[in-house]
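S.K.: The opening residue of the sequence shown carries number 219 in my numbering; numbering runs sequentially from there.
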Amino acid sequence: MTEVDVRAMLEQATRYEPSVVEGRFMIHVAHRQRPWIVIVEPDVDAKLLVVVTPYEVSE
Numbered sequence: 219m220t221e222v223d224v225r226a227m228l229e230q231a232t233r234y235e236p237s238v239v240e241g242r243f244m245i246h247v248a249h250r251q252r253p254w255i256v257i258v259e260p261d262v263d264a265k266l267l268v269v270v271t272p273y274e275v276s277e
């Protein structure tokens, strides 16, 4: 998985929700027609969205 893949997935996000880790969010996306979740953490000071990890959701 490349940075370009993750960026494309995030552009097509279907929803988001808080993660179990405070300050992080789970972004629901699709990759190759399969459901994935990308864990992200906003860096307010740097005005960035840090990708912690993307993973495929087992159905």
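In this text, a Cβ means the ideal position worked out from N, Cα and C, and glycines have one as well.
Could you give the C-beta distance for L228 and V247, rounded to a whole number, given that I count them as a contact under 8 Å?
M.R.: Here residue 228 is taken as the residue at index 10 of the sequence shown, counted from 1. Here residue 247 is taken as the residue at index 29 of the sequence shown, counted from 1. Going by Cβ atoms, the distance from L228 to V247 rounds to 6 Å, so yes, they are a contact pair.
S.K.: So what does DSSP say about A231, is it helix, strand or coil?
M.R.: Within the sequence shown, residue 231 is the residue found at index 13, counting from 1. A231: coil per DSSP, three-state reduction.
S.K.: Can you tell me the Cα-Cα spacing of R250 and M219, whole angstroms?
M.R.: The count along the sequence shown starts at 1 and reaches residue 250 at position 32. The count along the sequence shown starts at 1 and reaches residue 219 at position 1. Whole-angstrom Cα-Cα distance: 11 Å.
S.K.: State the DSSP-derived secondary structure class of D221, mapped to helix, strand or coil.
M.R.: Residue mapping note: residue 221 aligns to position 3 of the sequence shown, counting from 1. Residue identity differs from the one stated: residue 221 is Glu in this sequence, not Asp. Helix at E221.
S.K.: Can you name, in chain order, every residue of its own chain whose Cβ lies under 7 Å from the Cβ of V275, other than the five neighbours on each side?
M.R.: In the sequence shown, counting from the first residue as 1, residue 275 sits at position 57. Within the same chain, V275 has close Cβ partners P253, W254 and I255.
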